[in-house]
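J.:
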Amino acid sequence: LEDESLRDNFVITYELLDEMIDHGYPQITETKILQEYIKTEARKLADKPKKNQKDKITDVVVPTAVSNVVSWRPEGIKHPKNEIFLDVIERLNILVSANGNVLRSEILGRIRMRSFLSGMPELKLGLNDKVLFEMQGRTTKSKLIELEDIKFHQCVRLNKFDNERHISFIPPDGEFELMTYRLDTHVKPLIWVECIVENFTRTKIEYLVKARTQFKSKSIANNVEVIVPVPQDVDSPVFKSNVGNVKYVPDTNSMVWCIKQFPGRKEFLMRAQFGFPSVSADEREKYSRVPIQ
1 LEDESLRDNF VITYELLDEM IDHGYPQITE TKILQEYIKT EARKLADKPK KNQKDKITDV
61 VVPTAVSNVV SWRPEGIKHP KNEIFLDVIE RLNILVSANG NVLRSEILGR IRMRSFLSGM
121 PELKLGLNDK VLFEMQGRTT KSKLIELEDI KFHQCVRLNK FDNERHISFI PPDGEFELMT
181 YRLDTHVKPL IWVECIVENF TRTKIEYLVK ARTQFKSKSI ANNVEVIVPV PQDVDSPVFK
241 SNVGNVKYVP DTNSMVWCIK QFPGRKEFLM RAQFGFPSVS ADEREKYSRV PIQ
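Position 288 (the sequence shown) corresponds to 288 in UniProt numbering; numbering is contiguous.
(1) In this structure, does DSSP put ASP22 in helix, strand or coil?
(2) Within its chain, find whatever has a CB closer than 8 Å to the CB of ASP47; leave out the 5 residues flanking it on each side and keep chain order.
(3) Express the C-alpha separation of ALA211 and TRP192 in angstroms, rounding to a whole number.
(4) For LYS160, tell me which candidate among ASP184, LEU125 and THR180 has the shortest Cα-Cα distance.
(5) Could you spell out where the beta strand (DSSP E) holding LEU208 opens and where it closes?
(6) Taking the C-alpha atoms as reference points, what is the distance between SER71 and GLN154?
(7) Grouping DSSP H, G and I as helix and E and B as strand, with all else coil, what is SER219?
(8) In whole angstroms, what separates the C-alpha of VAL226 from that of GLU30?
(9) By a C-beta neighbour count over all protein chains shown, 10 Å radius and 16 as the cutoff for buried, is LEU95 buried or exposed?
(10) Do you know how far the Cα of PHE152 is from the Cα of ILE170?
(11) What are the residues that DSSP puts in a beta bridge with LYS240?
(12) First and last residue of the beta strand (DSSP E) that includes ASN245?
Below, the structure is given as structure tokens:
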């Protein structure tokens, strides 16, 4: 997005803001609903022309979804087969000290859904929520979770969640993000990585990198990348590993060890050697390792 493109499409931008916001409050944010409102085609920049593109202005019929309580889903949706898909995507952030202690850990998660349902279905989603079990006075042997920083899609009935801790909603048609959350919990690294500098002289530096999985042997981690920082101005990289492949990335001053499949309860080794073309002793003393990723 460039300022020139914004100026060329000032009318569309103004129309979008006018339809999305009423009295300073966002009202309509669903792309499919806005597309029914805005019929004017956008202008592309001169260096990216589009064939047979002409500005069109047609009569706008107010979408029925706008006048409904459920503004994010139009009426009359029909699919030959009712299907819905749910993906839970979690990212684990861990800060580990040099002696191997976990200083901080958190899980950032989001739930994405793809809905292909006919009509106006109302769905309910239950979580293994600690607050829910406390409200109901129930006990369980399974591990409970305590969600923090929860953000829901506008389709979720917030009063239902506050009172019953159930996620009740009428989903938009197609793909959308239902919610995001954070778990502040102590977890151990799924893959333990140890980097040892074996030889650091005036002319070369040698590394021994160990990677060990700490999950069940039946599970497999796919497309694992271990990023190890190296000093600036190194050359002549030589790598040796019993699995995967290693490459030197000079732009980020690091070497990347790529493992396509990493089974559980396994440990792999990788050795690396770099040469120094012109590094003085003073520059070597300034070298400090940054965190491994």
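Don't be surprised by glycine CBs; every beta carbon is placed ideally from N, CA and C. Given the structure is predicted, the values throughout are model-derived calculations rather than measurements.
T.: Reading off the structure:
(1) Working through the sequence shown from its first residue, we reach residue 22 at position 22. The answer is strand: DSSP assigns ASP22 an E or B state.
(2) The residue you call residue 47 lines up with position 47 of the sequence shown. Below a pLDDT of 50, predicted positions are generally treated as unreliable, and ASP47, at 49, falls in that range; the measurement from the model is reported next regardless. Cβ within range, chain order: n/a, list empty.
(3) Translated into positions along the sequence shown, residue 192 becomes position 192. Translated into positions along the sequence shown, residue 211 becomes position 211. For TRP192 and ALA211, the distance between alpha carbons rounds to 6 Å.
(4) Position 160 of the sequence shown, counting from 1, holds the residue named residue 160. It is LEU125 whose Cα lies nearest to the Cα of LYS160.
(5) Your numbering for residue 208 matches position 208 in the sequence shown. Boundaries of the beta strand (DSSP E) around LEU208: 204-213.
(6) Sequence index remark: in the sequence shown, residue 71 carries index 71 (1-based). Sequence index remark: in the sequence shown, residue 154 carries index 154 (1-based). In a straight line, the C-alpha of SER71 is about 10 Å away from that of GLN154.
(7) On the sequence shown, position 219 is the one that residue 219 refers to. In the three-state DSSP reduction, SER219 falls in the coil class, being neither helix nor strand.
(8) In the sequence shown, counting from the first residue as 1, residue 226 sits at position 226. In the sequence shown, counting from the first residue as 1, residue 30 sits at position 30. Near 39 Å, if we compare the C-alpha coordinates of GLU30 and VAL226.
(9) Position 95 of the sequence shown, counted from the start, is the residue given in the question as residue 95. Around the Cβ of LEU95, a 10 Å sphere holds fewer than 16 other Cβ atoms; the residue is exposed.
(10) Indexing the sequence shown from 1 puts residue 170 at position 170. Indexing the sequence shown from 1 puts residue 152 at position 152. Approximately 13 Å, taken between the alpha carbons.
(11) As a first step, residue 240 is located in the sequence shown; it is residue number 240 there, counting from the start. Paired residue(s): ARG271.
(12) As a position in the sequence shown, residue 245 is number 245, starting the count at 1. That run of the beta strand (DSSP E) goes 245-249.
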